[in-house]
Amino acid sequence: MEENPSTASIIVCSGELCKKVLTYDNNFQWGYPISNLIQDDVPFDYTYNHGRLPRLSITVLNQHQPPLSHLGTIEKIVINTLEEWSKMKEPILFVPEVNKFVFKLIIAIFLGFGTDDTQIASMEYYRKVYYGLHPTPINIPGFAYHRALQARKVLVNKIRGVLGERRERCNDPNLNTGIIDFMAKADYEDGRPLNHEQLVVLLIGLFIAGRETTSRTAIWATIYLHNHPHLLHKA
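Residues 1 to 235 in the UniProt record's numbering are what the sequence shown lists, from first letter to last.
This is how it looks when you write it as C-alpha cells:
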C-alpha cells in the first residue's frame with residue numbers, strides 16, 4: 001500500500017472481521033510468496049499453519065489470558081514510554097523509538113510483563129530479517145537475503161536461550177507468564193504441543209510481523225492525528 005498508493009486496499013478493524021481474515025483460510029490466502037527465511041530447516045509449514053496458529057492463539061487467549069487482561073499492561077508501558085520521551089532534551093527519532101516501544105508491548109504480552117528483553121531486543125537483527133523476506137534469495141555476502149540469514153542465526157540462539165531459561169523456571173511462582181507459556185502446553189496437532197524449535201520459529205515470526213505492522217500503524221495514526229488535530233477533540 002505504501003509503495004503503490006494507487007493500489008486499492010481494505011483496512012479491517014473490527015474484531016469479528018479480523019478473526020475471519022486470520023482464521024478462514026479458504027477465503028483469505030497469503031498475498032505474497034512464502035519465504036523459508038523464518039522457519040529455515042524447522043518442519044513448520046506457514047502456509048498450512050496460517051489459520052491454525054491464530055486459532056490456537058485465540059483459544060489460549062480466551063482460556064487463560066483474555067485480551068482485556070492485557071489492557072493494564074499496555075497502558076502502563078505506553079504511559080512510561082511517553083514520560084520517557086517527554087523528559088528527553090533532544091528531538092527523538094520517532095520511527096526507531098516507536099519500534100522499540102511496540103517491541104516492549106509484544107514481549108510483555110507473549111513473554112510476560114517485566115521480562116528482561118535485553119537478549120532479544122536488538123532491532124537491527126529483526127530489521128535485517130524483515131528486509132530479507134521478499135527479495136530474491138541470493139545467499140552471497142552483500143545481498144539482503146544473506147544478511148537476513150546471518151541475523152536469523154543470532155536471533156534463534158538468543159530466543160532459544162530465553163525459552164530455555166523459562167523452561168527451567170517453569171515452577172517458579174515469581175515467573176511472569178505470557179501467552180507463549182500457555183501455547184507451549186496447548187494441544188496443537190494430533191494432541192501434541194509445539195516443540196521447542198517450533199516455538200522459536202513462532203516467536204521470530206511474531207516479533208518481526210508484530211513489530212512491523214503495529215509500529216507502522218501507530219506511526220501513521222500519529223501522523224494523521226498530527227495533521228488533523230480536530231479529531232483529537234472528538235476522542
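The C-beta atom is built at its ideal place from N, Cα and C for all residues, glycine as well.
As the structure is a prediction and not an experimental result, all values here were calculated from the model.
Run of the alpha helix (DSSP H) containing residue i, from where it starts to where it stops
i	result
LEU203	196-227
LYS234	230-234
VAL129	123-131
Given residue i as reference, the closest of the options once Cα atoms are compared
i	options	result
ARG160	ILE204, ASN139, PRO137 and ARG127	ILE204
LEU206	VAL21, VAL102 and TRP85	VAL102
HIS196	GLY164, ASP172 and ASN176	GLY164
ALA108	HIS230, ASN227 and ILE77	ILE77
GLY112	CYS170, GLN198, VAL21 and LEU194	CYS170
HIS70	GLU16, PHE110, MET183 and VAL201	PHE110
PRO193	GLU168, VAL200 and MET183	MET183
GLU168	LEU93, SER122 and ASP181	ASP181
Helix, strand or coil at residue i according to DSSP, with G and I counted as helix
i	result
ILE107	helix
MET88	coil
THR73	helix
PRO96	helix
residue 236	This structure leaves residue 236 out entirely; the chain is present only between 1 and 235.
ALA184	coil
TYR169	Checking the sequence shown, residue 169 turns out to be Arg, not Tyr. Three-state DSSP puts ARG169 in coil, outside helix and strand.
PHE143	coil
PRO135	coil
CYS13	coil
PHE113	coil
THR81	helix
GLY178	coil
Answer yes if the segment 205-219 comes into contact with the segment 84-102, meaning at least three C-beta pairs across the two stretches below 8 Å, and no otherwise. yes
Would you call the segment 147-165 and the segment 124-132 in contact, with 3 or more CB pairs under 8 Å? yes
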